[in-house]
Amino acid sequence: MSNGGMETKDRISALPDEILCHILSFLSTHDSFATSFLSKRWQPLWLFSPILHLDDQTFIRNGRSYSSFFNFAYGTLFKCRMHQPLRVARFNLTPRTCGYGSDFPYSLFKIWVSTVVQRGIQQLVIEIPRALEVPHIIWTCKTLVVLKLYRLSVDVFVKVHLPVLKTLHLDFLFVSKSQYLAEILHGCPVLEDFRAYHIFLDNKLDGVDFPTMPKLVRADLKLDYVFEFPLKVVSNVEHFRFFLKLKKESFPIFKNLLHLELHLGLNIQWHLVIKMLSHCPKLETIMLHMPVEPFSSTSWISPQFVPHCVASQLKRCSIFNYTGRKSELQFTKFILQNSTALQTMTIHKIRPNYSSNHQSKFQMIQELVMCPKSSAKCKLLFK
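Each residue of the sequence shown is one higher than the one before, counting from 41 in the numbering used here.
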């Protein structure tokens, strides 16, 4: 058995450097460095990786000491082919491991980021334990294609110029003025993928010029209830994941939207769902997520008109966390009875709502199966 293990080890070691370096790219930098102790064959390989990944485990293995952690961070950065550009850098330190303390060495972090950016970085992922200012050098990096920021802040105005950035993800970003977020978006002319989860900022939008992103294909928005994000920014997308808020009453025309994933809040306003659908003329797929927690909703009022996408474009409709409430049933019937192009109606995770009625799961399914369908090709699926 040991001989077989040795033979496997030899076969792996015999692989070309390019393949071994690709394998190492899936490890954190600390784990990749550890492979250098396997044998002379492996000793230099980690130095040729175009990826740096520092995470919680790196922090733990350095004794939970920021001093030791950054010594390792700088050491790996300067040992890895200084004459070669870095492709990917990930810096992930979470409060779960590091706490929310004020001892995070921001000055050392900024130097590390500056060095990474100067190495021609293409993908940069940063998560730090507490919301500190995004190092300004990031906003003018001409090589960045992917930028993902978690738990940082934008406190002062900076000029943003990210000419090749295609993916921007902002999670738990604290922005002191709405204008600063607008400037970030203006500085990303070829952005294709935008995600914003929990953006915290003032709600002073008067006079703030938010752009309509011309190249945007995909957007994912889960925003603070205080901040009204101008949806015109994402009106060109083809794929949109959106957490619909109670107060959202106006929608732009989503002229290119094909796929909509809509998450409803705990106080469902059905007229807003229909209103949004009426602003998506080309929509082919809708995925509707009902809340998992107990929720309230307005009574279903049959719309005065059928949205264009429902009448002639919609091919797939999925409803998640279905409880069989009267308003849910009426919405589902509305889609089935008015969608001439519908191919599938899929009901996921049926959860009978025993607090408001005594329908069994079987009765709920039976009621949907008996509903007339406008499309002869429509299949009703339960998962």
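The C-beta atom is built at its ideal place from N, Cα and C for all residues, glycine as well.
Task: CA-to-CA distance, Asp-71 to Phe-269, given in whole angstroms - done: The residue labelled residue 269 in the question sits at position 229 within the sequence shown. The residue labelled residue 71 in the question sits at position 31 within the sequence shown. The straight-line gap from Cα to Cα measures roughly 41 Å.
Open item on the list: Considering only the alpha carbon of each residue, which of Ala-236, Ile-405, Leu-376, Lys-119 lies closest to Lys-389?
Closed with: Your numbering for residue 389 matches position 349 in the sequence shown. Comparing Cα positions, the closest option is Ile-405.
Open item on the list: Could you compute how far the alpha carbon of Phe-88 sits from the alpha carbon of Asn-132?
Closed with: Along the sequence shown, read from residue 1 onward, the residue named residue 88 stands at position 48. Along the sequence shown, read from residue 1 onward, the residue named residue 132 stands at position 92. Phe-88 and Asn-132: Cα-Cα distance of roughly 21 Å.
Open item on the list: Quick check: is the beta carbon of Leu-300 nearer than 8 Å to any beta carbon in chain D?
Closed with: The structure shown has no chain D; it contains just one protein chain.
TODO: Going by CA-CA distance only, name the one from Phe-110, Tyr-146, Ile-166 that's closest to Thr-134.
DONE: Against the sequence shown, residue 134 aligns to sequence position 94. It is Ile-166.
Open item on the list: So, with DSSP's three-state summary, where would you put His-209?
Closed with: Your numbering for residue 209 matches position 169 in the sequence shown. Residue state, collapsed to three classes: strand.
Open item on the list: Using the Cβ count rule (16 or more neighbours within 10 Å means buried), how would you classify Glu-427?
Closed with: Only positions 41 to 423 of the chain appear in the structure, and residue 427 is not among them; the question remains open.
Open item on the list: Rounded to the nearest angstrom, what separates Asp-260 and Ser-336 at their Cα positions?
Closed with: Taking the sequence shown and counting its residues from 1, one reaches residue 260 at position 220. Taking the sequence shown and counting its residues from 1, one reaches residue 336 at position 296. If you take the alpha carbons of Asp-260 and Ser-336, they lie about 25 Å apart.
Task: Segment contact flag, the stretch 135-150 with the stretch 179-188, C-beta cutoff 8 Å, min 3 pairs - done: no
TODO: Determine the contact status of Ile-293 and His-319, defining contact as a CB-CB distance below 8 Å.
DONE: By 1-based counting over the sequence shown, the position of residue 293 is 253. By 1-based counting over the sequence shown, the position of residue 319 is 279. It is a contact, given that the beta carbons lie within the stated cut-off.
Open item on the list: Is it buried or exposed, Lys-366, if we count other Cβ atoms within 10 angstroms and call 16 or more buried?
Closed with: Looking up residue 366 in the sequence shown gives position 326. It is exposed - the Cβ of Lys-366 has fewer than 16 other Cβ atoms within 10 Å.
Task: Chain-order list of residues whose beta-carbon lies under 7 Å from that of His-398 (same chain, five-residue window excluded) - done: For this step, residue 398 is matched to residue 358 along the sequence shown. Any answer about His-398 is weak, because its pLDDT of 49 lies below 50 and its placement is not dependable; what the coordinates show is given next. Contacts found: none.
Task: Rounded separation between Met-385 and Leu-369 - CA only - done: The sequence position of residue 385 within the sequence shown is 345, counting from 1. The sequence position of residue 369 within the sequence shown is 329, counting from 1. Whole-angstrom Cα-Cα distance: 13 Å.
Task: CB contact flag (Pro-203, Pro-175, <8 Å) - done: Here residue 203 corresponds to residue number 163 of the sequence shown, with the count starting at 1. Here residue 175 corresponds to residue number 135 of the sequence shown, with the count starting at 1. Against a cut-off of 8 Å, the Cβ pair of Pro-175 and Pro-203 comes out as no contact.
TODO: With a 10 Å radius around its C-beta and 16 neighbouring C-beta atoms as the bar for buried, classify Lys-119 as buried or exposed.
DONE: For this step, residue 119 is matched to residue 79 along the sequence shown. When all chains shown are included, Lys-119 counts as exposed.
TODO: Put Tyr-190 into one of helix, strand or coil per three-state DSSP.
DONE: Here residue 190 refers to the residue found at position 150 when the sequence shown is read from its first residue. It is a strand residue.
Open item on the list: Assuming contact is defined by CB atoms lying nearer than 8 Å, are Arg-170 and Arg-136 in contact in what I supplied?
Closed with: On the sequence shown, position 130 is the one that residue 170 refers to. On the sequence shown, position 96 is the one that residue 136 refers to. It is not a contact, given that the beta carbons lie outside the stated cut-off.
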